[in-house]
Amino acid sequence: MVKSFEEVKERLLAFPVKRKIGVAAAHDEHTLDAVVMAARDGLVEPVLVGDEEKIRQLLKELDFDPAGAEIIHVPDPVEAAQKVADLVRAGELDCVMKGKIETGPLMKVMVNREHGIRRKDTMSLVGFIDSPYYHKVFGVTDVGLLTYPDTGQKVAAIENAAAAFRALGTENPKVAVLAAVEKVNPKMPETVEAAQIKEMNQKGELPGCLVEGPISYDLAMDPESWKIKGYESPVAGDADILVVPNIVAGNILIKSLAFTGGAKTCGVIFGAMVPLIITSRSSSVEDKFMSIVMSALVGGAK
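For the sequence shown, our numbering gives the first residue as 33, with consecutive numbering after it.
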């Protein structure tokens, strides 16, 4: 169990060898700001692939010595992404971050089965939450990649998230497949699907985690709620991973926690050879920084 983002940083810092992060099209000030922050703290070793002249100028503006990073001159963004993918395939990187390249072209390179870094059929995005009102860091999936996932995609997303939490030290992550109610109702498809996923877990078809569902948010997260309702489950009040019905629910949930719930957040894509960071340009430097830290810790545990 990881109690806070600060603990994640401490764990990463404790490793004797710095984790390497490859940045595709690294000539982007918003991205480099977060990467430099992580490098200054001794958390990662940057491998910056992109327009070398622009990268060096940005590093100068950030008052960061270019000698503290490996810079590879590949000015074309798509070619830079491919170079990063090649480095991953060669085992030289622990995680990857998007720089000044559109998400579409980047993902096209990364998911290519022959030359990319795709490892599974389904890649998914986990939002990690450090809330002042919960006793540990928890995850929400999917919050930005799978729009309306079917049952198979949700199972894959659970596998991806559970593997990440195991890398963080949670041996058997507790997974709550969320719905509005706890009973199966044919008129509410997400409840039927949740029950199916729970059954798969019970049959050993979804190992490495403990699944409960359908279960409401309050029962999954609040010890008092499940006691009042008399809901018995080892997941109740102690969930590690929340599985939302679709991207709309996930997006609303994580932004509500961040903007009105006082939570710290970060997001990482799993299901590739290494974790992948694709943050919004509007994301704060702190969010990007923590995404780097989380992906470096999980990626280095591979």
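Yeah, the Cβ is synthetic: ideal placement off N, Cα and C, and Gly gets one too.
Rounded to whole angstroms, the separation of the alpha carbons of K235 and K215 is 20 Å. When beta bridges are read from the DSSP output, S156 appears opposite F302. Under a 10 Å Cβ-count criterion, R51 is classified as buried, with 16 or more other Cβ atoms of the shown protein chains found around its own Cβ. Assigned with DSSP and collapsed to three states, K168 falls in coil, not helix or strand. Under the criterion of beta carbons closer than 8 Å, M142 and R150 qualify as touching, at roughly 7 Å. In this structure, the straight-line span from the alpha carbon of L125 to that of L94 is close to 24 Å.
Pairing G294 with P164 gives a Cβ-Cβ distance under 8 Å.
G82 sits in a strand when the DSSP states are folded into three classes.
Exposed is the label assigned to A46, since fewer than 16 other Cβ atoms lie within 10 Å of its Cβ. Of the candidates A56, Y180 and D118, A56 places its Cα closest to the Cα of I103. P78 sits buried, since 16 or more C-beta atoms from the chains shown fall within 10 Å of its C-beta.
DSSP places G54 in no alpha helix (DSSP H) but in the uninterrupted beta strand (DSSP E) bounded by R51 to A56. Taking C-beta atoms as the reference points, R313 and H62 count as a pair closer than 8 Å. Per the coordinates, the alpha-carbon of D250 lies some 40 Å from the alpha-carbon of R72. The C-beta of T179 has fewer than 16 other C-beta atoms within 10 Å across all chains shown, which makes the residue exposed. The three-state secondary structure of P246, taken from DSSP, is strand.
Secondary-structure assignment with DSSP links T202 through no beta bridge to anything. In the DSSP annotation of this structure, the continuous segment of the beta strand (DSSP E) that includes E102 starts and ends at E102 to H105.
Assignment of beta-bridge partners to R150 by DSSP yields A304. Here the segment 127 to 135 makes no contact with the segment 276 to 293; the two share fewer than three CB pairs at distances below 8 Å.
Burial of N192 is indicated by the presence of at least 16 other C-beta atoms within 10 angstroms of its C-beta. Taking one beta carbon from each stretch, the segment 153 to 161 and the segment 169 to 187 have 3 or more pairs nearer than 8 Å; the two touch. In this structure, the alpha-carbon of L90 lies about 16 Å from that of V106. The C-alpha of M305 is placed about 8 Å away from the C-alpha of R121. Going by DSSP, K130 is part of the beta strand (DSSP E) stretching over C127 to K130.
At a Cβ-Cβ threshold of 8 Å, P266 and L289 do not count as neighbours.
Remark: C-beta atoms of A189 and S156 approach each other more closely than 8 Å. For L274, there is no enclosing alpha helix (DSSP H); the enclosing beta strand (DSSP E) has its first and last residue at I273 to V275. Assigned with DSSP and collapsed to three states, E134 falls in coil, not helix or strand. Taking 8 Å as the cut-off, the Cβ atoms of T202 and M33 count as close. In the three-state reduction of the DSSP assignment, T63 falls in the helix class, which pools H, G and I.
Per the coordinates, the alpha-carbon of G123 lies some 27 Å from the alpha-carbon of Q185.
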